[in-house]
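Undergrad: Taking numbering that gives the first Met the number 0 as reference, the numbering of the sequence shown is continuous, increasing by one, and the terminal residue is 303.
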Amino acid sequence: MTLDPPAPHAARPRGHRGRLGPLPWIAPAVLLILFVVLWPVYEMVRTSFLRVSTSGFVRGSAGSDKYRKLFGETDLGHVLLSTVLWTVAVVGLTMVLSLGLAQLFDQRFPGRRFARWALIAPWAASVLMTAIGFRWMLDRTAGVLNTAMTDLGLIDGPRDWLGDPATAWPWMVAVAVFVSLPFTTYTLLAGLQTVPAEVYEAARVDGASRWQVYRRITLPLLRPAFLVGLVINLINVFNSFPVIWGMTQGGPSSDTATTTVFMYQLKSTDIGESAAMSVVNFALVVVMVLVFLKVSGWTNGEQK
Numbered sequence: 000m001t002l003d004p005p006a007p008h009a010a011r012p013r014g015h016r017g018r019l020g021p022l023p024w025i026a027p028a029v030l031l032i033l034f035v036v037l038w039p040v041y042e043m044v045r046t047s048f049l050r051v052s053t054s055g056f057v058r059g060s061a062g063s064d065k066y067r068k069l070f071g072e073t074d075l076g077h078v079l080l081s082t083v084l085w086t087v088a089v090v091g092l093t094m095v096l097s098l099g100l101a102q103l104f105d106q107r108f109p110g111r112r113f114a115r116w117a118l119i120a121p122w123a124a125s126v127l128m129t130a131i132g133f134r135w136m137l138d139r140t141a142g143v144l145n146t147a148m149t150d151l152g153l154i155d156g157p158r159d160w161l162g163d164p165a166t167a168w169p170w171m172v173a174v175a176v177f178v179s180l181p182f183t184t185y186t187l188l189a190g191l192q193t194v195p196a197e198v199y200e201a202a203r204v205d206g207a208s209r210w211q212v213y214r215r216i217t218l219p220l221l222r223p224a225f226l227v228g229l230v231i232n233l234i235n236v237f238n239s240f241p242v243i244w245g246m247t248q249g250g251p252s253s254d255t256a257t258t259t260v261f262m263y264q265l266k267s268t269d270i271g272e273s274a275a276m277s278v279v280n281f282a283l284v285v286v287m288v289l290v291f292l293k294v295s296g297w298t299n300g301e302q303k
């Protein structure tokens, strides 16, 4: 007697969970982004069109008055120029020094592990704490630098290093580079360690010099890590607040302020105008990153 094969079970209709696909899994992340990123941006834009007292009470709509007031500020042009120069100087120096440090830490030498650990210190410490530490070191009356340089006869008397923009800017750039080096160096070091050793061996067999190997092999293969470090540094340095606020608070007046610090200075007199400055700053960051990604060849999430 032949047994008929069992009839296949009728396909069960997919439930609601099946129709939603991966949405239940990514929903917490989407909600977090909405709450942490998009909602503050919405509130920032909304506040820039309101009249808000310094105590936080809304006094009604201001239309575009806050933007007109902001663009009428005499210090705005100087602040924008200072922000551009600050960003270029800090990011440029950081990337160049990080390339050298990453290349050094990729080599074997006595004490390499200790040197790698030591580089983490500026990253592990609070940026604001580091800035305040340097501010005390540069203090006119109690600063260690003035005392040491006076004792050595390098200067005639104490100098107000942070009171003069001509000397304050170089010191702030140095501190910003100091706290930016660890992340960028380790990003580039990780990129270097992904380069296959066989590629270098083949280049040496072909008689390539060290400079040729570095220029034609190391740098092209390091490009993805370099771009990641560069983009993150651009955003961080452009929006940098703790270094400048901890050392000079943007003073005297707004001579050492960037757009982020200038925004905070405006908050004490006009919250609506400060919000307008925040919107402008946010737009500048978005434009800067999009232009950079376009120029660097990152389109549709991939490199050309």
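Just so it is clear, CB atoms sit at the ideal spot from N, CA and C, and this is done for glycine as well. As the structure is a computational prediction, the values presented were derived from the model and not from experiment.
Please identify the residue among Val178, Leu37, Leu188 whose C-alpha is closest to the C-alpha of Ala101.
TA: Taking the first residue of the sequence shown as 1, we reach residue 101 at position 102. Nearest of Val178, Leu37, Leu188 to Ala101, Cα basis: Leu188.
Undergrad: Please return the same chain residues whose Cβ sits closer than 7 Å to the Cβ of Thr186, not counting the five positions on each side in sequence.
TA: To locate residue 186, count along the sequence shown from 1; it is residue 187. The answer, listed in chain order, is Ala224, Val227, Gly228.
Undergrad: Considering only the alpha carbon of each residue, which of Arg222, Val126, Val143, Trp244 lies closest to Thr193?
TA: One-based indexing of the sequence shown puts residue 193 at position 194. Thr193 has its Cα closest to that of Arg222, out of Arg222, Val126, Val143, Trp244.
Undergrad: Output the distance between the C-alpha atoms of Thr258 and Val78, rounded to the nearest integer angstrom.
TA: Reading the sequence shown from its first residue, position 259 is the one you call residue 258. Reading the sequence shown from its first residue, position 79 is the one you call residue 78. If I take the Cα positions, the gap works out to 6 Å.
Undergrad: Per DSSP, Leu49 is paired with what?
TA: In the sequence shown, the residue the question calls residue 49 occupies position 50. Answer by DSSP bridge pairing, in chain order: Ser60.
Undergrad: Are the stretch 66 to 81 and the stretch 145 to 160 touching, with three or more C-beta to C-beta distances below 8 Å?
TA: No, they do not touch.
Undergrad: Between which residues of its own chain and Thr82 is the CB-CB distance below 6 Å, once the five residues before and five after are set aside?
TA: Counting from one through the sequence shown, the residue named residue 82 turns up at place 83. Thr257, Thr258, listed in sequence order.
Undergrad: Given a threshold of 16 other Cβ atoms within 10 Å of its Cβ, counted over all protein chains shown, does Met128 qualify as buried or as exposed?
TA: The sequence position of residue 128 within the sequence shown is 129, counting from 1. Exposed is the call here.
Undergrad: Helix, strand or coil: which one does DSSP assign to Thr86?
TA: As a position in the sequence shown, residue 86 is number 87, starting the count at 1. Of the three classes helix, strand and coil, the one that applies to Thr86 here is helix, per DSSP.
Undergrad: What did DSSP end up calling Leu283 once you bin it into helix, strand or coil?
TA: Indexing the sequence shown from 1 puts residue 283 at position 284. Leu283 falls in the helix class under three-state DSSP.
Undergrad: Nearest CA to the CA of Leu233: which residue from Pro27, Gly76, Val90?
TA: By 1-based counting over the sequence shown, the position of residue 233 is 234. Answer by Cα proximity: Val90.
Undergrad: How far does the alpha helix (DSSP H) with Val174 in it reach, from first residue to last?
TA: Position 175 of the sequence shown, counted from the start, is the residue given in the question as residue 174. That run of the alpha helix (DSSP H) goes 164 to 191.
Undergrad: Whose C-beta lies closer than 6 Å to the C-beta of Thr247 among residues of the same chain, with five residues either side of it excluded?
TA: Sequence index remark: in the sequence shown, residue 247 carries index 248 (1-based). Same-chain partners within the cutoff: Leu161, Ala167, Thr255.
Undergrad: For Ala175, count neighbouring Cβ atoms within 10 angstroms of its own Cβ and tell me buried if that reaches 16, exposed if not.
TA: The residue given as residue 175 occupies position 176 in the sequence shown. By the neighbour-count rule (16 or more Cβ atoms within 10 Å), Ala175 is buried.
Undergrad: Is Pro39 helix, strand or coil when you go by DSSP?
TA: One-based indexing of the sequence shown puts residue 39 at position 40. Pro39: helix per DSSP, three-state reduction.
Undergrad: According to the neighbour-count rule (16 or more other Cβ atoms, all chains shown, within 10 Å of its Cβ), is Pro242 buried or exposed?
TA: As a working mapping, residue 242 is identified with position 243 in the sequence shown. Looking at the sequence provided, one finds Val at residue 242 rather than Pro. Val242 is buried by the Cβ-count criterion.
Undergrad: Using 8 Å for Cβ pairs, my map puts Lys65 next to Gly271. What's the rounded Cβ distance?
TA: Translated into positions along the sequence shown, residue 65 becomes position 66. Translated into positions along the sequence shown, residue 271 becomes position 272. Lys65 to Gly271, Cβ: 4 Å. Contact.
Undergrad: Take Arg134 as the anchor and find which of Ala123, Pro27, Asp159, Arg45 has the nearest alpha-carbon.
TA: For the purposes of this step, residue 134 is identified with residue 135 of the sequence shown, where counting begins at 1. Arg134 has its Cα closest to that of Asp159, out of Ala123, Pro27, Asp159, Arg45.
Undergrad: Would you mind working out which of Trp170, Ala202, Gly20, Phe261 sits nearest Ile131, comparing C-alpha positions?
TA: In the sequence shown, counting from the first residue as 1, residue 131 sits at position 132. Closest option to Ile131, Cα to Cα, is Trp170.
Undergrad: Got a sec, what are the start and stop residues for the alpha helix (DSSP H) Asp74 sits in?
TA: In the sequence shown, counting from the first residue as 1, residue 74 sits at position 75. From DSSP, Asp74 is part of no alpha helix (DSSP H); its letter is neither H nor E.
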